[in-house]
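Position one of the sequence shown corresponds to residue 35 (the working numbering), numbered consecutively onward.
Quick reminder that beta carbons are idealized off the backbone N, C-alpha and C, glycines included.
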Amino acid sequence: MLYRFDNIEKSYGPHDVLKGVTWQQNPGEHVGLVGRNGAGKTTLFRLLLKQEEPDHGTILRANGLTIGHVGQHLNAEPGMSLFDFVETAFDEVLRIERKMRAIEHDLADASRPDHERMLEKYAELQHDYEHADGYTLHAEVERVLTGVGFADKTEWDRDIQQFSGGQQNRAMLARVLLTRVDLLLLDEPTNHLDLKGIEFLEEFLQEFKGSYLLISHDRTFLNRTVAKIVELAHGKLVEYHGNYEKFLQLRAERMEKMAKDYERQQEYIAETQDFIRRNLAGQKTKQAKSRRKMLDKLDELERPEADETLAKFNLDGGARSGAVALTIDRVTAGWVSDRPVVNNFTLQVRRGERYAIMGPNGSGKSTLLKTLAQRIPPLAGTIAPGHNVRVGYYDQTLGDLKPAGRVIDEVWDLDHSQTEEEVRSYLARFSFFDDDVFKKTRDLSGGEKGRLALAKIMYVGGNVMLLDEPTNHLDVYTREALEEALENFTGALIVVSHDRYFIDRVAENIILVEDGHAEVYTGNYSELVEKFKEGTAAPQKVDVVEDRRSRASGQAGLPVLHAESRSDRTEQKKRDKRIKKIDEEIALLESRISSAEGERERNDLLLCAEEVFRDGERVKKIHQQNSDLKAMIELLYGKWEALAKEKEELESAVV
Numbered sequence: 035m036l037y038r039f040d041n042i043e044k045s046y047g048p049h050d051v052l053k054g055v056t057w058q059q060n061p062g063e064h065v066g067l068v069g070r071n072g073a074g075k076t077t078l079f080r081l082l083l084k085q086e087e088p089d090h091g092t093i094l095r096a097n098g099l100t101i102g103h104v105g106q107h108l109n110a111e112p113g114m115s116l117f118d119f120v121e122t123a124f125d126e127v128l129r130i131e132r133k134m135r136a137i138e139h140d141l142a143d144a145s146r147p148d149h150e151r152m153l154e155k156y157a158e159l160q161h162d163y164e165h166a167d168g169y170t171l172h173a174e175v176e177r178v179l180t181g182v183g184f185a186d187k188t189e190w191d192r193d194i195q196q197f198s199g200g201q202q203n204r205a206m207l208a209r210v211l212l213t214r215v216d217l218l219l220l221d222e223p224t225n226h227l228d229l230k231g232i233e234f235l236e237e238f239l240q241e242f243k244g245s246y247l248l249i250s251h252d253r254t255f256l257n258r259t260v261a262k263i264v265e266l267a268h269g270k271l272v273e274y275h276g277n278y279e280k281f282l283q284l285r286a287e288r289m290e291k292m293a294k295d296y297e298r299q300q301e302y303i304a305e306t307q308d309f310i311r312r313n314l315a316g317q318k319t320k321q322a323k324s325r326r327k328m329l330d331k332l333d334e335l336e337r338p339e340a341d342e343t344l345a346k347f348n349l350d351g352g353a354r355s356g357a358v359a360l361t362i363d364r365v366t367a368g369w370v371s372d373r374p375v376v377n378n379f380t381l382q383v384r385r386g387e388r389y390a391i392m393g394p395n396g397s398g399k400s401t402l403l404k405t406l407a408q409r410i411p412p413l414a415g416t417i418a419p420g421h422n423v424r425v426g427y428y429d430q431t432l433g434d435l436k437p438a439g440r441v442i443d444e445v446w447d448l449d450h451s452q453t454e455e456e457v458r459s460y461l462a463r464f465s466f467f468d469d470d471v472f473k474k475t476r477d478l479s480g481g482e483k484g485r486l487a488l489a490k491i492m493y494v495g496g497n498v499m500l501l502d503e504p505t506n507h508l509d510v511y512t513r514e515a516l517e518e519a520l521e522n523f524t525g526a527l528i529v530v531s532h533d534r535y536f537i538d539r540v541a542e543n544i545i546l547v548e549d550g551h552a553e554v555y556t557g558n559y560s561e562l563v564e565k566f567k568e569g570t571a572a573p574q575k576v577d578v579v580e581d582r583r584s585r586a587s588g589q590a591g592l593p594v595l596h597a598e599s600r601s602d603r604t605e606q607k608k609r610d611k612r613i614k615k616i617d618e619e620i621a622l623l624e625s626r627i628s629s630a631e632g633e634r635e636r637n638d639l640l641l642c643a644e645e646v647f648r649d650g651e652r653v654k655k656i657h658q659q660n661s662d663l664k665a666m667i668e669l670l671y672g673k674w675e676a677l678a679k680e681k682e683e684l685e686s687a688v689v
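Rendered as C-alpha cells:
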C-alpha cells in the first residue's frame, strides 16, 4: 500500500465534496482519476500532499512515502537557467557530483598527507554516483526537455523567469518527471503540451516503473497510460480495472445493474407491503407478520444517483447555407506582414464538411482560424463566405466574455425574449446551478469561463462553426456532449484542438500547419497517423476550377481543393456511421426481445405447476407479468421494425 483513504469526508461551506471516500493505491499502479469539474479531484490531491486536512476520516501513508507533483509556483533561484532548474530534480546526485569535483581539485596536490584517504572517499562517491545513474543524468535531462517541447538547445541557458507561464509549466513538469519518488501526482499534465509533447509523455509514462495517479480529461491519453480508472462522482470513489474505454463499458454495466437491482427491490417491497396490508388481519396474519419482520431487516438499496453523463447540447445551424460555405483563396495569415505564420493557403469548404487544424505549439493554428473567422484581416488573399452563411466563432482566449457581467446576463443579453427561468434552465445544462448564475464572470474559474463561452456559442449557433480549442477546461462528460452535438450538426465545421479523441469523432479532414505551410489531408487523426506510418499520407491536390460567377465576370477561376466529391463522401461517412449505430441498437433490441420472450415462456410453464395454479394470487401476478411482457415485446418489435426500415433506406441511398 502506498496510501489509503479511509472514510474521508470534506466540505466547503454547505457543499459536501467528499462523502465517505475509501480507497487505496498500491505500488506500481498507474491510475487515472476522472470526474466532473468541481467533483473534488484536486481536493484529493491536496489531501494527499497534506495541503489540506479532511473533516473526517484518516489518510494512511506508507512509511517514508515520497510524492512528486507540479506546484503552483516556480520556486526557482534568481538567474537560474532552464536546464539548471530542471536538473534540480537530481539534487542528491548533483550534491555527490559537487563533492567529487571538490576532491578532484584537492587530489591535484599529490603531496597532501590525506591523499590516500581522499582517494578512498572519491572511490566511494564515484560508486554512489554511478549507482545513481549520474553519468547519464545530463543526457536524461536533455531527453525530457526536448520531449516536453524545448527542442531548441539555445533556450536551455535562458533565465527560467523569462519564459511564459505555459513554458514554465512545461519546465516544472519536466523536473517532476525526472524526480525519483514513490508516487507521481499529475493534474492535467497534457495542458500546455502540443501533440508531439503529449505523445512523448505517453511513452515516458508507459515505461515508468513507479506509481502515478493522474487527473486528465484527455481520453486518448488515459487509454494509453493507465490500467485502472477511479471515478469521483457524488462524493464517492468507484474503481474500474482497465483504461478509459474499458471504464466506459464497465461503468455502463454497473449503472444498468444498479438501476435494475433498485427497481427489483422496490417491486419486492411494494408487493410485500401490499401482502401485509391485505393479510395482517385475515387468515394469513402469521405470514404477514413474518414478512413484515423480513422487510424491517431488509438492507434497502439507495436510489441510483442521476447519470453524470446526461448533459445534452443542441447546436442550431439555423438556415441552410449554400453548397460552398467558405472559399479561402491564397490566404497568408499572421499578425505582422514580414512574419506570416501561414502562407498562400487555399481551400473551398463545402456545407457539411469537417476539418481539424493541427500542428505544433506556435505554428499558427489559432491565428489561421481567427483569420478565417475574419477577427483579424489576412495579410494577403481573400476569404469569401458562401450564400446565406452565418459564422459562429469560439475563441479559446474567452475574449467575448464581459468580466464585470453576470453569468446569466451573458446568455440573456443574446435573447431578451427568454424568461429568467428559461435562461437558468439552459445554463444548468452547462453545470451552472442556483446562485452560480449570478456570479460575476471575472470571478469564474478557467473551466467555468470555458463552459460559459461554450454556452453562448451553442445558443447563438451558425451554419459554419469555427472553434478554437473548445474542449479546453471541459470535463470528459461535457466533451462527450459537445461531440454528440457536433456529430449531429449539419453545417461546416473547422476546429483547432489537441484532443485526439475529440478530433477522431468530429473531423473528417486534417489541416496540418507547420513551418508556414498548411496542407489538407483526408481522414481523422487516427487515420492520418496510420497513413504516415505506412508512408501513404499525401495532401489533397489543388486544382484550378471555374465557378459560375467566375465565368459570368470573365475572371480567372479560384484554385480550390480537388477532393473527389467531398460532400458526397461526407454524407456517405455519416450514413455508414448511422448504419453501424443501427446495427448496435438492433442487436440490443433483439437481446431484450429474446430475454422477454424467454421470461414469458418460463411464466407459462409456471402456470402449469400445481403449486402455482392453486395459488390464485400468484396466478394473477404471473398473468399481469405476461401482459406487461407482451406490451413490452410489441413495443420492442415496433422499434426493431423502424430501425430495420431506416437501415434499408440508408443502404439503398445512392451516393
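Bridge partner(s) assigned by DSSP for residue i
{"i": "Val376", "result": "Ala367"}
{"i": "Trp190", "result": "Bridge partners of Trp190: none, in fact."}
{"i": "Glu273", "result": "Val264"}
{"i": "Ser560", "result": "BP columns for Ser560 are empty, so no partner."}
{"i": "Val554", "result": "Ile545"}
{"i": "Trp57", "result": "Phe39"}
{"i": "Gly102", "result": "Leu218"}
{"i": "Asp502", "result": "Val530"}
{"i": "Tyr246", "result": "His64, Leu218"}
{"i": "Lys327", "result": "DSSP output for Lys327 lists no bridge partner at all."}
{"i": "Ser459", "result": "Bridge partners of Ser459: none, in fact."}
{"i": "Ser45", "result": "Asp50"}
{"i": "Ile442", "result": "Note: Ile442 sits in no beta bridge, so no partner."}
{"i": "Leu360", "result": "Val383, Pro419"}
{"i": "Lys474", "result": "Arg440"}
Minimum C-alpha distance to residue i - residue among the options
{"i": "Arg385", "options": "Asn422, Ile417, Asp363", "result": "Asn422"}
{"i": "Phe472", "options": "Tyr428, Gly484, Arg458, Gly481", "result": "Arg458"}
{"i": "Gln430", "options": "Thr259, Lys483, Gly54, Ala359", "result": "Lys483"}
{"i": "Met328", "options": "Arg312, Asp662, Thr306, Leu349", "result": "Thr306"}
{"i": "Lys53", "options": "Leu83, Tyr37, Leu67, Gly91", "result": "Gly91"}
{"i": "His139", "options": "Val68, Tyr156, Val127, Tyr511", "result": "Tyr156"}
{"i": "Met206", "options": "Val215, Arg214, Leu217, Val182", "result": "Val182"}
{"i": "Asn378", "options": "Tyr511, Ala552, His275", "result": "Ala552"}
{"i": "His657", "options": "Leu670, Leu640, Leu669, Tyr671", "result": "Leu640"}
{"i": "Gln299", "options": "Gly496, Thr319, Glu334", "result": "Glu334"}
{"i": "Thr56", "options": "Asp40, Gly69, Arg70", "result": "Asp40"}
{"i": "Gly199", "options": "Arg214, Leu227, Thr180", "result": "Leu227"}
{"i": "Arg80", "options": "His165, Asn109, His103, Gln58", "result": "His103"}
Residue i versus residue j - alpha carbon distance
{"i": "Val120", "j": "Val175", "result": "7 Å"}
{"i": "Asp167", "j": "Leu271", "result": "39 Å"}
{"i": "Asp538", "j": "Glu518", "result": "12 Å"}
{"i": "Ser45", "j": "Leu229", "result": "37 Å"}
{"i": "Gly47", "j": "Tyr427", "result": "38 Å"}
{"i": "His596", "j": "Lys575", "result": "Residue placement at His596 is poorly supported in this model, since its pLDDT is 39, which falls under 50; the coordinates still yield a value, given next. Distance between the alpha carbons of His596 and Lys575 is about 6 Å."}
{"i": "Leu500", "j": "Ala515", "result": "18 Å"}
{"i": "Ser531", "j": "Asp509", "result": "15 Å"}
{"i": "Asp50", "j": "Gly72", "result": "11 Å"}
{"i": "Gly588", "j": "Ala418", "result": "Since pLDDT at Gly588 reaches only 38, below the 50 mark, its modelled position is unreliable, and no value is offered."}
{"i": "Asp662", "j": "Asp617", "result": "26 Å"}
{"i": "Arg253", "j": "Glu279", "result": "8 Å"}
{"i": "Gly525", "j": "Arg388", "result": "9 Å"}
{"i": "Gly276", "j": "Pro437", "result": "42 Å"}
{"i": "Leu435", "j": "Lys673", "result": "45 Å"}
{"i": "Ile620", "j": "Leu684", "result": "15 Å"}
{"i": "Arg325", "j": "Ile310", "result": "7 Å"}
{"i": "Val540", "j": "Tyr169", "result": "47 Å"}
{"i": "Arg583", "j": "Pro412", "result": "Summary for Arg583: the model assigns pLDDT 40, below 50, so the residue's position carries little reliability; its value from the coordinates is reported in the next sentence. Going by the C-alpha atoms only, they are around 23 Å apart."}
{"i": "Glu87", "j": "Leu179", "result": "35 Å"}
{"i": "Asn695", "j": "Lys614", "result": "Only positions 35 to 689 of the chain appear in this structure, which leaves residue 695 out of reach."}
{"i": "His149", "j": "Arg38", "result": "52 Å"}
Checklist entry - Which runs of the beta strand (DSSP E), 3 residues or longer, sit entirely within the segment 377 to 439? => result 388 to 392, 414 to 419, 425 to 428
Next on the checklist: Quick test of the definition: if touching needs 3 or more C-beta pairs under 8 Å, does the segment 544 to 564 touch the segment 387 to 396?
Outcome noted: yes
Next on the checklist: Quick check: the segment 237 to 257 against the segment 401 to 420, are at least 3 beta-carbon pairs closer than 8 Å?
Outcome noted: no
Next on the checklist: Count Cβ pairs between the segment 108 to 122 and the segment 182 to 196 that sit closer than 8 Å; are there 3 or more?
Outcome noted: yes
Next on the checklist: For the pair the segment 64 to 72 and the segment 250 to 266, tell me if three or more CB-CB distances fall below 8 Å.
Outcome noted: yes
Checklist entry - In chain order, which alpha helix (DSSP H) runs of at least 4 residues are fully inside the segment 603 to 670? => result 644 to 647
Checklist entry - Curious, which full-length beta strand (DSSP E) runs of at least 3 residues does the segment 82 to 154 contain? => result 90 to 95, 101 to 103
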